[in-house]
Amino acid sequence: MMKRFLPALLFALILVIPAFAETEAEFEARLVEATDSSTPTVVHIWASWCHNCIVEFQDGGWPDFIKENPEIKFIFISTWGSDKDDVGLLGRHGITTKDLPNLEIWRHPNQSSREGQRAESLLGVRFTWMPTTWVVRDTRMRYAINYGEVRFDMLQQMIKDSHSGQW
Numbered sequence: 080m081m082k083r084f085l086p087a088l089l090f091a092l093i094l095v096i097p098a099f100a101e102t103e104a105e106f107e108a109r110l111v112e113a114t115d116s117s118t119p120t121v122v123h124i125w126a127s128w129c130h131n132c133i134v135e136f137q138d139g140g141w142p143d144f145i146k147e148n149p150e151i152k153f154i155f156i157s158t159w160g161s162d163k164d165d166v167g168l169l170g171r172h173g174i175t176t177k178d179l180p181n182l183e184i185w186r187h188p189n190q191s192s193r194e195g196q197r198a199e200s201l202l203g204v205r206f207t208w209m210p211t212t213w214v215v216r217d218t219r220m221r222y223a224i225n226y227g228e229v230r231f232d233m234l235q236q237m238i239k240d241s242h243s244g245q246w
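Numbers 80 to 246, taken from the working numbering, label the letters of the sequence shown in order.
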């Protein structure tokens with residue numbers, strides 16, 4: 080009986096799981112909701128194959144910066160990769176939601192790496208280089224670092240400036 084049940088169950092899961100896949104529009108709506116706060120949120124778009132992204136993880140980089148800013152929400156959005164590679168790479172560098180409670184790890188619904196098919200924009204803003212880091216407050220982008228590795232002293236200043244009522 081089990082021999083017949085298991086294949087039927089697997090077939091049913093194959094049919095059902097795609098129905099739960101998040102669309103890009105739903106993903107973006109969730110991101111808008113997550114950044115709807117008077118406290119800045121850092122959105123970091125990265126990929127597991129990206130050398131510059133990996134460099135940022137080394138020598139404390141992101142893990143230390145996230146720990147030093149417990150009042151700030153950090154959302155890491157992986158693109159163009161695989162869940163297994165992403166989770167493994169982040170874990171090896173101490174970037175986990177268990178260790179960093181102010182961190183959320185998301186996967187863009189379009190993980191294609193094929194030219195012309197891959198995700199190249201989010202919320203109407205193009206990102207064509209990895210990594211890309213944004214500081215968002217009240218759903219509005221305050222700062223964007225769109226061309227490579229972030230300098231954490233600059234990012235700290237951007238967060239500080241985003242707290243002010245100047246916007």
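Beta carbons are placed, not taken as given, at the ideal position from N, Cα and C, and that holds for glycine.
Query	Result
Proximal residues to R216 (C-beta, below 6 angstroms), its chain only, five neighbours per side dropped	P119 and S241
Cβ-based burial, T102 [other Cβ within 10 Å; buried from 16]	exposed
Status (buried if at least 16 other CB within 10 Å, exposed otherwise) for G139	exposed
Pair within 8 angstroms by beta-carbon distance, E107 and L202	yes
Identity of the residue in N225, M237, T176 and E105 nearest W125 by Cα	N225
Y222 versus F136, I238, K163 and Q190, residue with shortest Cα-Cα distance	I238
Complete runs of the alpha helix (DSSP H) confined to the region 91-149 [at least 4 residues]	103-113, 130-136 and 140-147
F206 beta carbon less than 8 angstroms from that of F144	no
Straight-line gap, W141 to T158 (C-alpha atoms, nearest Å)	18 angstroms
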